[in-house]
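Report on one structure; see the data block that follows.
Numbering (full-length UniProt numbering), first residue to last: 1 to 48.
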């Protein structure tokens, strides 16, 4: 989502967002791993 990508900044904020997404998804028993991507990109997503 371009809006999320545009507004995210700062290492503390990025860590908090990544943790919130990961922990929200891991509460479901069928989720073993979480990969965060935007338009197929994973390497530079949610970087400070």
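Where a beta carbon is used, it is the ideal one built from N, C-alpha and C, also for glycine.
Assuming residue 24 is part of the alpha helix (DSSP H), what are its boundary residues?
11-26
Do you know how far the Cα of residue 30 is from the Cα of residue 36?
Those two C-alpha atoms are separated by around 17 angstroms.
Between the C-alpha atoms of residue 47 and residue 15, what's the straight-line distance to the nearest angstrom?
9 angstroms
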